[in-house]
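Only one structure is covered here, and it is reproduced in the block below.
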Amino acid sequence: MQKIGFSLDSFNEPRLKTNRKAIFESLVEIRFTEEMIAENYKDQQMRTAIHLGTGQEGIAAGVCANLQFGDAVFSHHRSHNHFLASGGSVFRLIAELYGSQEGCSKGRGGSVHLSHNQDVFFVSTAILGESVSLAVGRALAYKLEQRKNISVAFFGDAVWEEGVIYESLNFAAIHSLPVLFICENNQYSTESTFTSRKAVNSEFTERARSFGVEAMKGDGNNIRNVFNLVSESIVKMRENPKPVLIEFDTYRWREHVGPNFDHDVGRTFRSKIELEQWQKKDPVQILRNILINEDFFSDFEINEIERKVLEEVSEQFLRAKHSLKPEIESLFENAGEV
Amino acid sequence: MRTLTYAQAISEALVLGMKENSKVFITGIGVDYPVGVFGTTKEAFDEFGRTRVFESPSMENALTGICIGAASMEMRPVLVHHRNDFMFLAFDQMLNLAAKWRYMYGGNAGQVPIVVRGIIGRGWGQGATHSQSLQSPIAHFPGIVVLMPAMPADAKGLILSALKSKSPVVILEHRSLFDITGEVPEGYYETPIGKANVLRSGTDISVVCTSYMVIEAMRAAEFLSRFGISVEVVDIRSIRPIDENTIINSVMKTGRLIVADTSWVQYGVTSEVSALVAEKAFGYLKAPVVRIGLPDSPAPSTKVLEDVFYPSANSLQKAITKALGIADITTTLALEIDNFKGPY
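Protein chains in written order, with the working numbering: chain W, 718 to 1055; chain U, 6 to 349.
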């Protein structure tokens, strides 16, 4: 299915009908895949620490729909969304989680070290802030090589607590690099709230602006909003390379690491009521409603899209579950060669 | 053959490497200053300009990640640290990302062969945080190459090899080596990574050593030859991968081993080489192995204490005669050849 390379018109353009379908497909593909991971995780066969991004899919799908061939995406530990939205396949993701040789990183990476090179270059990284500096470096290469590509850094709100982001913003601004910094602000770092992490009057976008980086905020759960904000920025960035930062508000439905809901396993740092309020702002439902209420698609058409995507995800998931494990002799593959 | 200083050899290698591959660039603090990192980046800057030789803000951590990100698009970044001690700020990127990249993405994300040059300080009040040698902590990790050329010809040849490597490479250059001279072949050549070099052949004892300690070992060997003592000096050159065969062959020949390094003994290169010989050439040893390195304290800055802190040709000479079971030769060698006059 098509996931990148759309026309960069606004979301409401009439001729974007096929694109809107693809964006919805991408969104529900992520949702179904993540839900299936959560269901199957208890079997102890996916022996890798998963950080599910359920509830945050709108940002990944809305940003990545704006990418073109040769662009790059650098993601963090909660990266399944970005892997899929940027063109990675469900099969390769799930095979990786099952430790298979056919996994996207041949079973050597696990959930937090995903990679693919389907039209865009993608890697995810485990340590906070690495994605940001890598994206700036890729953008530096684009500039040195005079390419019109964009490099995207996805990162969570806790990265603002690391020094690496300030070094990276500064460098990107000095060299006018085409980096799109996408902050997914889901308010929580593991179980920590902003009380212990940020002064009340300190704004992330203000911090970026103080380095000379254009910065804005948006609702990350409304994919139309995400798509439009990003597409406006990217058009300008491809013409005149410069860094742009967008902070999207969103909410992580499940626990930091693992398949459960926090309230189900007795954690009290946030409430079930808070989760339910955010579930009313479910990015999948919001887009579904837009597409139906504004007559882009009929109820029937939407149900058909969902049915087909679910069928495809289930098929790939099952195939990945039974994919080949690495040979013992391959332990040192890619380890030593100078 | 013509002679060059160690600094000139590095400079020549960088210019040749940049001519060979248009994707090579140099960055780091002050790489485009008129002095050009002790003369090593000036020629490259003069020839290729600020597009390919540009200084960075003080940002060792992100800059390393930026170089890795650029390398993911087949660029060949050369990152320079005036003192390798600053690389501690970059360890996350170097060890969690660069060293593991090819492996943990299953080879599907390509390679990120950045070249990191770090300079080691010594003496003249450099003190605790400007005179460390980081080879052991870095070489501990699979997936990264660590080189310590001691001779000008190797400095040139190993830089050119590093710029062709599939792996990230750390080159540790000792500040006290920058003015030493040696024969350096003209033109482009590569010195193979992972090969030690027997700099001086001998039969009584092997001194296996790194970087600046190679210079001190050569002085000790030369001096002791006047007393009929035949010392073999093995310049390790490549810390990871290490050339096991050359070291073991030398010990098999001489039966005695002294290992000398620019860093501390515990958990260091001297320990690694000792363990290697204990495992693979134990039966050939006629005497216990001796490790020579820094005393077990941070580096002091006052000259009074520095004078007893850094190992030298004299410490090697004493260790050699002791290992051979002969009386200490009381002559103390003249002042070190180190002509470093500060401030950094």
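Even glycine gets a Cβ: it sits at the ideal position worked out from N, Cα and C.
Would W/Glu878 pass as an interface residue toward chain U - the criterion being a Cβ-Cβ separation below 9 Å? Reading the first sequence from its first residue, position 161 is the one you call residue 878 of chain W. Not an interface residue.
Per DSSP, which one or two residues make a beta bridge with W/Ile705? Residue 705 of chain W cannot be examined here, being either before or after the span of chain W that is shown, 718 to 1055.
Quick one: is U/Ser170 near chain W, going by C-beta distance under 9 Å? What you label residue 170 of chain U is simply residue 165 of the second sequence in a count that begins at 1. Chain W contact via Cβ: present.
Between U/Val219 and U/Val238, how many whole angstroms is the CB-CB distance? I'm expecting something under 8 Å. For this step, residue 219 of chain U is matched to residue 214 along the second sequence. For this step, residue 238 of chain U is matched to residue 233 along the second sequence. Yes, they are in contact, since the Cβ atoms of U/Val219 and U/Val238 sit about 7 Å apart, within 8 Å.
Tell me the DSSP secondary structure of U/Glu178 in three-state form. Sequence index remark: in the second sequence, residue 178 of chain U carries index 173 (1-based). U/Glu178 sits in a strand when the DSSP states are folded into three classes.
Delimiting residues of the alpha helix (DSSP H) encompassing W/Arg809: If you number the first sequence from 1, residue 809 of chain W lands on position 92. Looking at the DSSP string, the run of the alpha helix (DSSP H) that includes W/Arg809 is Val807 to Leu814.
Per DSSP, the bridge partner or partners of U/Asn202: Here residue 202 of chain U refers to the residue found at position 197 when the second sequence is read from its first residue. Beta-bridge partners assigned by DSSP to U/Asn202: U/Asp240.
For W/Asp979, which three-state DSSP category applies? For the purposes of this step, residue 979 of chain W is taken as residue 262 along the first sequence, with counting starting at 1. For W/Asp979, the secondary structure class from DSSP, reduced to helix, strand or coil, is helix.
For U/Asp51 and W/Ile776, the rounded distance between their alpha carbons: One-based indexing of the first sequence puts residue 776 of chain W at position 59. One-based indexing of the second sequence puts residue 51 of chain U at position 46. Rounded to whole angstroms, the gap between the alpha carbons of W/Ile776 and U/Asp51 is 46 Å.
Based on DSSP bridge pairs, tell me the residues matched to U/Ser255. Here the question's residue 255 of chain U lines up with position 250 in the second sequence. In DSSP, U/Ser255 forms no bridge with anything.
Report, in whole angstroms, the separation of the C-beta atoms of W/Ile754 and W/Leu801, which I expect to be a contact under 8 Å. As a position in the first sequence, residue 754 of chain W is number 37, starting the count at 1. As a position in the first sequence, residue 801 of chain W is number 84, starting the count at 1. Between W/Ile754 and W/Leu801 a beta carbon distance of about 11 Å is seen, past the 8 Å cut, so the two are scored as non-contacting.
W/Arg924 CB to nearest chain U CB: under 9 Å? Taking the first sequence and counting its residues from 1, one reaches residue 924 of chain W at position 207. So no, W/Arg924 is outside the interface.
Looking at the secondary structure, which residues open and close the beta strand (DSSP E) in which W/Val790 lies? Walking along the first sequence from the start, residue 790 of chain W turns up at place 73. Here the beta strand (DSSP E) through W/Val790 covers Ala789 to Ser792.
Looking only at its own chain, which residues have a Cβ that is under 8 Å from the Cβ of U/Val282, when we skip the five neighbours before and after it? Residue mapping note: residue 282 of chain U aligns to position 277 of the second sequence, counting from 1. Around U/Val282: Ile252, Ile253, Val256, Leu262, Leu290 and Val294.
What in chain B is Cβ-close to W/His833, meaning under 9 Å? Structure shown: chain B not included; protein chains present are W and U.
Do U/Val150 and U/Leu177 have their C-beta atoms closer together than 9 Å? As a position in the second sequence, residue 150 of chain U is number 145, starting the count at 1. As a position in the second sequence, residue 177 of chain U is number 172, starting the count at 1. Not in contact: U/Val150 and U/Leu177 (Cβ atoms no closer than 9 Å).
Quick check on the burial criterion: 16 or more other C-beta atoms within 10 angstroms. Buried or exposed for U/Met6? Reading the second sequence from its first residue, position 1 is the one you call residue 6 of chain U. Its Cβ having fewer than 16 others within 10 Å, U/Met6 is exposed.
Have a look at the DSSP bridge pairing and note the partners of U/Val58. Position 53 of the second sequence, counting from 1, holds the residue named residue 58 of chain U. Under DSSP, U/Val58 forms a beta bridge with U/Ile31.
Measuring straight from C-alpha to C-alpha, what distance separates W/Lys865 and W/Val952? Here residue 865 of chain W corresponds to residue number 148 of the first sequence, with the count starting at 1. Here residue 952 of chain W corresponds to residue number 235 of the first sequence, with the count starting at 1. Cα-Cα distance, rounded: 10 Å.
Could you name the residues of the region 96-109 of chain U whose beta carbon sits closer than 9 Å to any beta carbon of chain W, in the order they occur along the chain? Hits within the stretch, in order: Asp97, Gln98, Asn101, Leu102, Lys105, Trp106, Arg107, Tyr108 and Met109.
Residues of the region 1044-1055 of chain W whose Cβ lies closer than 8 Å to any Cβ of chain U, in chain order: So the close ones are Glu1050, Asn1051, Ala1052, Gly1053, Glu1054 and Val1055.
If you measure between the beta carbons of W/Ala1037 and W/Ile882, is that distance less than 9 Å? On the first sequence, position 320 is the one that residue 1037 of chain W refers to. On the first sequence, position 165 is the one that residue 882 of chain W refers to. Not in contact: W/Ala1037 and W/Ile882 (Cβ atoms no closer than 9 Å).
By alpha-carbon positions, which one of W/Arg941, W/Phe888, W/Tyr905 and W/Phe898 ends up nearest to W/Thr985? For the purposes of this step, residue 985 of chain W is identified with residue 268 of the first sequence, where counting begins at 1. When W/Arg941, W/Phe888, W/Tyr905 and W/Phe898 are compared, the shortest CA-CA separation from W/Thr985 is found for W/Tyr905.
Are W/Ala766 and W/Gly937 close, meaning C-beta to C-beta below 9 Å? Mapped onto the first sequence, residue 766 of chain W falls at position 49. Mapped onto the first sequence, residue 937 of chain W falls at position 220. Cβ atoms of W/Ala766 and W/Gly937: not closer than 9 Å.
Could you say which of U/Asp90, U/Pro118 and U/His87 lies nearest to U/Leu102 if we only look at CA atoms? Walking along the second sequence from the start, residue 102 of chain U turns up at place 97. Closest option to U/Leu102, Cα to Cα, is U/Pro118.
Can you give me the C-alpha to C-alpha distance between U/Gln13 and U/Ile185, rounded to a whole angstrom? Position 8 of the second sequence, counted from the start, is the residue given in the question as residue 13 of chain U. Position 180 of the second sequence, counted from the start, is the residue given in the question as residue 185 of chain U. Going from the Cα of U/Gln13 to the Cα of U/Ile185 covers about 10 Å.
Strictly under 9 Å for the Cβ-Cβ distance: is U/Met23 near chain W by that measure? As a working note, residue 23 of chain U is residue 18 in the second sequence. No, U/Met23 lies away from the interface with chain W (no Cβ there is under 9 Å from its Cβ).
In its own chain, which residues sit with a C-beta less than 8 Å from the C-beta of W/Ser913, not counting the 5 before and 5 after it? Within the first sequence, the letter at position 196 stands for residue 913 of chain W. Closer than 8 Å at the Cβ level, and outside the excluded window around W/Ser913, lies no residue.
Segment contact flag, the region 737-754 of chain W with the region 1004-1012 of chain W, C-beta cutoff 8 Å, min 3 pairs: Taking 8 Å as the limit for Cβ pairs, the verdict is that the region 1004-1012 of chain W does touch the region 737-754 of chain W.
For chain W, check one thing: does any of its Cβ atoms lie closer than 9 Å to the Cβ of U/Val121? Counted from its first residue, the second sequence places residue 121 of chain U at position 116. No, U/Val121 does not count as interfacial toward chain W.
Of all Cβ atoms in chain U, is any one closer than 9 Å to the Cβ of W/Lys823? Locating residue 823 of chain W in the first sequence gives position 106, counting from the first residue. Residue-level contact check: W/Lys823 touches chain U, since one or more beta carbons of chain U fall below 9 Å from its beta carbon.
Opening and closing residue of the alpha helix (DSSP H) in which U/Trp129 lies: Position 124 of the second sequence, counted from the first residue, corresponds to residue 129 of chain U. No alpha helix (DSSP H) contains U/Trp129, which DSSP labels as neither H nor E.
Using a Cβ-Cβ cutoff of 9 Å, what residues of the region 52-76 of chain U are near chain W? List them in chain order. Those residues of the region 52-76 of chain U that come within reach of chain W (Cβ to Cβ, closer than 9 Å) are Thr56, Arg57, Phe59, Ser61, Pro62, Ser63, Met64, Glu65, Asn66, Ala67, Leu68, Thr69, Gly70, Ile71, Cys72, Ile73, Gly74, Ala75 and Ala76.
List the residues of chain U whose Cβ lies closer than 7 Å to the Cβ of W/Phe838, in chain order. Residue numbering aside, residue 838 of chain W sits at position 121 when the first sequence is read from its first letter. Those within 7 Å of W/Phe838 in chain U are Ser77.
Tell me which residues share the same chain as U/Ala95 and place their Cβ nearer than 7 Å to its Cβ, disregarding the 5 neighbours each side in the sequence. Taking the first residue of the second sequence as 1, we reach residue 95 of chain U at position 90. Glu65, Asn66 and Thr69, listed in sequence order.
Residues of chain W with a CB under 9 Å from the CB of U/Phe93: which are they? Residue numbering aside, residue 93 of chain U sits at position 88 when the second sequence is read from its first letter. The premise fails here: U/Phe93 is roughly 13 Å from chain W at the closest Cβ pair, so nothing lies under 9 Å.
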